[in-house]
Amino acid sequence: MTRTRPSVLNMLVWAYWDLYHALRTAWLPALIATAIVSIGTVAALIGPLFLTRDPIAQALARQTITTGLCFLLTPFLLAIHRLVVLGELTQQYDFTPSEPRFQSYFGWLALAVFIMGVPSLLEALTTPRGPVYYSAGQSFPGSSRSVVVTIIHLTGLVAVQYCLALLPAVAVDAPGATWQNAVSDTRRHIWFVLMATILPLIPIGLLALAVAPLVGSRNHVGMVVSTLWFGAILVVALTLVAVVASRLYQLIGDRLNVPLR
Numbered sequence: 001m002t003r004t005r006p007s008v009l010n011m012l013v014w015a016y017w018d019l020y021h022a023l024r025t026a027w028l029p030a031l032i033a034t035a036i037v038s039i040g041t042v043a044a045l046i047g048p049l050f051l052t053r054d055p056i057a058q059a060l061a062r063q064t065i066t067t068g069l070c071f072l073l074t075p076f077l078l079a080i081h082r083l084v085v086l087g088e089l090t091q092q093y094d095f096t097p098s099e100p101r102f103q104s105y106f107g108w109l110a111l112a113v114f115i116m117g118v119p120s121l122l123e124a125l126t127t128p129r130g131p132v133y134y135s136a137g138q139s140f141p142g143s144s145r146s147v148v149v150t151i152i153h154l155t156g157l158v159a160v161q162y163c164l165a166l167l168p169a170v171a172v173d174a175p176g177a178t179w180q181n182a183v184s185d186t187r188r189h190i191w192f193v194l195m196a197t198i199l200p201l202i203p204i205g206l207l208a209l210a211v212a213p214l215v216g217s218r219n220h221v222g223m224v225v226s227t228l229w230f231g232a233i234l235v236v237a238l239t240l241v242a243v244v245a246s247r248l249y250q251l252i253g254d255r256l257n258v259p260l261r
């Protein structure tokens with residue numbers, strides 16, 4: 001039976017409190033995750049540019065690097081879910097890829113990240129390989145392509161939201177942890193799930209923009225600072241999404257907790 005659903009404002013307060021508690025409790029895994037994300041972000045942004053000039057190959061390379069990051073960050077996210085849902089404390093970065101829980105969580109996480117990355121792949125597929133010439137009166141297709149990519153982005157975001165509660169369910173070995181049950185539990189609360197997930201991330205996004213001018217700077221110190229800052233901000237954002245997903249699982253998880261027949 002699902003619990004009484006709180007207001008979005010209460011969820012916002014819970015999210016930031018859980019974020020503080022999680023980072024304070026699991027500070028060592030969080031530091032390790034920050035180092036991984038910082039290095040991975042640089043690799044994803046710069047690495048493909050050195051490997052190839054083909055936009056499609058660059059997009060695929062970034063997707064591969066991002067999938068690798070999902071693999072490396074799985075222990076951290078598992079620990080956050082289990083801390084919020086079960087109260088399980090840990091100061092270790094338990095990297096156990098042979099365990100079914102690890103494999104299942106990584107698989108769903110990688111799939112979610114792939115869905116969110118589909119628009120970038122489609123944009124690369126539609127990018128002209130050479131100069132494009134337009135005759136008089138011919139419309140420029142760039143704006144329409146941007147609209148299509150934006151729609152696909154939003155569609156992917158909603159699709160991921162429908163299965164968001166599945167991640168903590170997998171992390172705590174819930175008996176009904178399937179995507180069908182996650183969709184069924186989320187269907188009646190989709191607007192609440194969207195608001196509870198997106199609103200807490202807005203201040204985090206503004207913090208990330210604070211050092212955006214340093215990204216393209218030729219100052220090496222500025223680039224190092226911005227890289228570390230983005231790494232820390234991304235870990236905070238990931239932790240925030242993990243704690244919100246955990247609370248959503250506790251609130252709306254009904255079929256997810258029913259043993260499979």
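Heads up: the sequence shown at position 197 corresponds to 197 in UniProt numbering, and the numbers run straight through without jumps. Glycine included, every Cβ here is placed at the ideal spot set by N, Cα and C.
**Study point:** Where A15 falls, given that 16 or more other Cβ within 10 Å makes a residue buried
**Key:** Mapped onto the sequence shown, residue 15 falls at position 15. By the neighbour-count rule (16 or more Cβ atoms within 10 Å), A15 is buried.
Review point. Leaving out five residues before and five after W179 in sequence, what residues of the same chain have Cβ atoms less than 7 Å from its Cβ?
Key: Taking the sequence shown and counting its residues from 1, the one referred to as residue 179 is at position 179. Excluding residues within five positions, the ones whose Cβ falls inside 7 Å are C163 and L166.
Review point. Quick one: what does DSSP say L199 is sitting in, helix, strand or coil?
Key: By one-based count along the sequence shown, residue 199 stands at place 199. DSSP places L199 in the coil class of the three-state scheme, outside both helix and strand.
Review point. Quick one: is H21 buried, meaning 16 or more other Cβ sit within 10 Å of its Cβ, or exposed?
Key: By one-based count along the sequence shown, residue 21 stands at place 21. Exposed is the call here.
Review point. Once you ignore the five residues that flank T227 on each side, which residues in its own chain have a CB closer than 8 Å to its CB?
Key: The count along the sequence shown starts at 1 and reaches residue 227 at position 227. Excluding positions up to five away in sequence, the list reads S38, T41 and V42.
Practice item. Determine, using beta carbons only, whether I202 and L240 come nearer to each other than 8 Å. Key: Here residue 202 is taken as the residue at index 202 of the sequence shown, counted from 1. Here residue 240 is taken as the residue at index 240 of the sequence shown, counted from 1. No, the Cβ-Cβ distance between I202 and L240 is not below 8 Å.
Practice item. Identify which residue in I198, Q92 and L28 has its Cα closest to the Cα of L154. Key: Here residue 154 is taken as the residue at index 154 of the sequence shown, counted from 1. Looking at the Cα atoms, I198 is the closest of the given residues.
Practice item. Compute the Euclidean distance between the alpha carbons of T52 and Q58, then round it to the nearest angstrom. Key: Residue numbering aside, residue 52 sits at position 52 when the sequence shown is read from its first letter. Residue numbering aside, residue 58 sits at position 58 when the sequence shown is read from its first letter. So the two alpha carbons sit approximately 6 Å from each other.
Exercise for review: Return the first residue and the last residue of the alpha helix (DSSP H) that P55 is part of.
Suggested key: Reading the sequence shown from its first residue, position 55 is the one you call residue 55. Here the alpha helix (DSSP H) through P55 covers P55 to L86.
Exercise for review: Check E99 in the structure and name its three-state DSSP category.
Suggested key: In the sequence shown, counting from the first residue as 1, residue 99 sits at position 99. Coil, per DSSP.
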